[in-house]
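Trainee: If you're matching positions, the sequence shown starts at 5 in my numbering and goes up one per residue. The beta-carbon is built from N, C-alpha and C at its ideal position, and this holds for glycine as well. Bear in mind the structure is a predicted one, so any value in this text is a computation, not a measurement.
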Amino acid sequence: MASLPSLPKPISQNPHFPTKPAAHSHSLNVIPRKHSFSGHGLLNFQHGSFRARETRVIRSSNQTEAVPDYSIQVSDVPLLTCSEAIEKLKTYRENRHGKQQYLAMYSSIFGGITTDPAAMVIPIDDHMVHRGHGVFDTAAIRDGYLYELDQHLDRILRSASMAKIDIPFDRESIRRILIQTVSASKCKTGSLRYWLSTGPGDFQLSPSGCHQPALYAIVIQDLSPFNSKGIKVVTSSIPIKPPQFATMKSVNYLPNVLSKMEAEEEGAFAAIWLDCDGFIAEGPNMNVAFVTKEKELVMPQFDKILSGCTAKRVLVLAEGLVREGKLRGVRIENVTVEEGKKADEMMLIGSGILVRPVVQWDEQVIGDGKEGSLTQILLNLIIEDMKSGPPTVREPIPY
5 MASLPSLPKP
15 ISQNPHFPTK
25 PAAHSHSLNV
35 IPRKHSFSGH
45 GLLNFQHGSF
55 RARETRVIRS
65 SNQTEAVPDY
75 SIQVSDVPLL
85 TCSEAIEKLK
95 TYRENRHGKQ
105 QYLAMYSSIF
115 GGITTDPAAM
125 VIPIDDHMVH
135 RGHGVFDTAA
145 IRDGYLYELD
155 QHLDRILRSA
165 SMAKIDIPFD
175 RESIRRILIQ
185 TVSASKCKTG
195 SLRYWLSTGP
205 GDFQLSPSGC
215 HQPALYAIVI
225 QDLSPFNSKG
235 IKVVTSSIPI
245 KPPQFATMKS
255 VNYLPNVLSK
265 MEAEEEGAFA
275 AIWLDCDGFI
285 AEGPNMNVAF
295 VTKEKELVMP
305 QFDKILSGCT
315 AKRVLVLAEG
325 LVREGKLRGV
335 RIENVTVEEG
345 KKADEMMLIG
355 SGILVRPVVQ
365 WDEQVIGDGK
375 EGSLTQILLN
385 LIIEDMKSGP
395 PTVREPIPY
């Protein structure tokens, strides 16, 4: 019998909620500040500024709890000109340091490419921003080549069709724009991420007021090496998206974000979703696969989850291992939790991580608790494919 998906945790187990019921109001002694219009729950307006302040001490029969003092003071909010706002954006970007560097962005709104990170913005009334009406995809950049550009481009166009988003250009024009954006960035190793949205227009629910759909693309340089160290995963309690939305790559990623956060809170790398029937589905932004004790590579079906471009490429490359006798076969079928946890090897697959070995799922150690040898072989095959694969998966960038 298939295992049932884990139920969401009760509110009482949520760290943001108290574990004990509140005491009756008569047992509480709330001590506000002096009544000067800046005390508990009141606003203090002072010469064009205001301060919201809440400070209180709660005493019950058996404990005293100090509630933090949350003070917000807003004073003399400046009215900026366009040039002043741009200078603020420049300062913000200059003071921001991270592993990822934004090298170039294309926007159909201003009809060109910019290499200034301060200008890499989109209109706030774009329906992708406030309604989530947009789709996206990503292609890796490796040694001056775009990896699986056409496969990812085909997928975003399918997603756009499912989301009822018209495209602003034909497929070949979009392809040319994406390649030119990478060329302008001079990036040799990183990723190209791009979006199609219903575009800006208003803050209504319907996109009928949007003037035209929009295309955005950004080139991100990330020199972090691919990590092959084994990781832990947990079973997600966040409900999986229904197939209609799970099979399109839309910007509605809040369930994915919450699932990832849940895993991190439990000291894990990612959380694994189960479908409505209790079968293994996918991770928050990666597919999952197993090597059985019979040395077969097994991957869940794509009918209820996102069809991963990297996962599908792994399946193709794995056929070579079958011919070499290193694998007995490759199968795409429903996988139960019991079958997955009893596998010799488990791996996550995605364009951001390539192939990452899993050594523990919840409290269950996978295999011998070490990185699987076939998982490592598949990772090496993908890396080699990115370096010297056929023209069908490698698009040269004309710098």
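1. Using 8 Å as the threshold, is the C-beta distance between residue 192 and residue 107 below it?
2. If we ignore side chains and look at the alpha-carbon of each, how far apart do residue 197 and residue 157 end up?
3. Enumerate in chain order the residues of its own chain whose CB-to-CB distance from residue 260 is below 8 Å, with the five nearest sequence positions on each side excluded.
4. Beta strand (DSSP E) containing residue 405: first to last residue?
5. Going along the chain, which residues of its own chain have a beta-carbon closer than 6 Å to the beta-carbon of residue 225, five neighbours each way excluded?
6. The beta strand (DSSP E) that contains residue 1, what's its start and end?
7. If you follow the alpha helix (DSSP H) that residue 247 is part of, which residue opens it and which one closes it?
8. Take residue 360 as the anchor and find which of 95, 237 and 183 has the nearest alpha-carbon.
9. Ends of the alpha helix (DSSP H) at residue 95?
10. Looking at C-alpha atoms only, which residue of 114, 202, 297 and 319 is the closest neighbour of residue 344?
11. For residue 120, does the count of other Cβ atoms within 10 angstroms reach 16, so buried, or fall short, so exposed?
12. Are residue 312 and residue 354 close, meaning C-beta to C-beta below 8 Å?
13. Where residue 401 and residue 149 are concerned, what is the direct C-alpha to C-alpha distance, given to the nearest angstrom?
14. By Cβ distance below 8 Å, which residues in the same chain neighbour residue 171 in space, the five residues on each side in sequence not counted?
15. Classify residue 112 as buried or exposed, calling it buried when 16 or more other Cβ atoms lie within 10 Å of its own Cβ.
16. Do you know how far the Cα of residue 202 is from the Cα of residue 284?
17. Please report the residue range of the alpha helix (DSSP H) in which residue 384 lies.
18. Would you tell me roughly how many angstroms separate the C-alpha atoms of residue 397 and residue 337, rounded to the nearest one?
19. Could you check what DSSP says for residue 237 in three-state terms: helix, strand or coil?
20. Give the secondary structure of residue 399 by DSSP, where H, G and I count as helix, E and B as strand, and everything else as coil.
21. So residue 303 is in the beta strand (DSSP E); what residue range does that whole segment cover?
22. Measuring only the C-alpha atoms, how far is residue 243 from residue 319?
23. To which residues of the same chain is residue 204 closer than 6 Å at the C-beta, ignoring the five residues directly before and after it?
24. Output yes or no for whether 8 Å exceeds the beta carbon distance between residue 391 and residue 310.
25. Go through its chain and collect everything with a Cβ distance to residue 66's Cβ below 8 Å, but skip five positions before and after it.
Mentor: Straight from the coordinates:
1. Looking up residue 192 in the sequence shown gives position 188. Looking up residue 107 in the sequence shown gives position 103. For residue 192 and residue 107, no; Cβs fall outside 8 Å.
2. On the sequence shown, residue 197 is found 193 positions in, with the first residue counted as 1. On the sequence shown, residue 157 is found 153 positions in, with the first residue counted as 1. If you take the alpha carbons of residue 197 and residue 157, they lie about 11 Å apart.
3. To locate residue 260, count along the sequence shown from 1; it is residue 256. Cβ neighbours of residue 260 beyond the five flanking positions: 288 and 289.
4. This structure cannot speak to residue 405, because the chain is shown only from 5 to 403.
5. The sequence position of residue 225 within the sequence shown is 221, counting from 1. Contacts found: 105, 107, 191 and 194.
6. Beyond the ends of the chain as shown, which are 5 and 403, falls residue 1; an answer cannot be given.
7. Reading the sequence shown from its first residue, position 243 is the one you call residue 247. Start and end: 247-250.
8. Numbered from its first residue, the sequence shown carries residue 360 at position 356. Of the listed residues, the one whose Cα sits closest to residue 360 is 237.
9. If you number the sequence shown from 1, residue 95 lands on position 91. Where residue 95 is concerned, the enclosing alpha helix (DSSP H) stretches over 86-98.
10. In the sequence shown, residue 344 corresponds to position 340, counting from 1. Answer by Cα proximity: 297.
11. Stepping through the sequence shown from its first residue, residue 120 is reached at position 116. Under this definition residue 120 is an exposed residue.
12. On the sequence shown, residue 312 is found 308 positions in, with the first residue counted as 1. On the sequence shown, residue 354 is found 350 positions in, with the first residue counted as 1. Closer than 8 Å, so yes.
13. Working through the sequence shown from its first residue, we reach residue 401 at position 397. Working through the sequence shown from its first residue, we reach residue 149 at position 145. One C-alpha to the other measures close to 6 Å.
14. Within the sequence shown, residue 171 is the residue found at index 167, counting from 1. These residues qualify, in order along the chain: 161, 164, 178, 200, 217 and 219.
15. Stepping through the sequence shown from its first residue, residue 112 is reached at position 108. Buried, because 16 or more other Cβ atoms sit within 10 Å of the Cβ of residue 112.
16. Numbered from 1 along the sequence shown, position 280 holds the residue referred to as residue 284. Numbered from 1 along the sequence shown, position 198 holds the residue referred to as residue 202. Taking the straight line from one Cα to the other gives about 33 Å.
17. Working through the sequence shown from its first residue, we reach residue 384 at position 380. Counting along the chain, the alpha helix (DSSP H) containing residue 384 begins and ends at 377-392.
18. The residue given as residue 397 occupies position 393 in the sequence shown. The residue given as residue 337 occupies position 333 in the sequence shown. Taking the straight line joining both Cα atoms gives about 26 Å.
19. Here residue 237 is taken as the residue at index 233 of the sequence shown, counted from 1. Reduced to three states, the DSSP call for residue 237 is strand.
20. Here residue 399 refers to the residue found at position 395 when the sequence shown is read from its first residue. Residue 399 falls in the strand class under three-state DSSP.
21. In the sequence shown, the residue the question calls residue 303 occupies position 299. Per DSSP, residue 303 belongs to the beta strand (DSSP E) from 300-303.
22. Here the question's residue 243 lines up with position 239 in the sequence shown. Here the question's residue 319 lines up with position 315 in the sequence shown. Cα-Cα distance, rounded: 28 Å.
23. As a position in the sequence shown, residue 204 is number 200, starting the count at 1. If we look at residue 204 and ignore the five residues flanking it on each side, its Cβ neighbours are 127, 129 and 130.
24. Translated into positions along the sequence shown, residue 391 becomes position 387. Translated into positions along the sequence shown, residue 310 becomes position 306. In this structure, residue 310 does not lie closer than 8 Å to residue 391 by Cβ.
25. Residue mapping note: residue 66 aligns to position 62 of the sequence shown, counting from 1. Caution applies to residue 66, whose pLDDT of 46 falls short of 50 and renders its modelled position unreliable; the value that the coordinates give is listed next. Result list for residue 66: empty, nothing under 8 Å.
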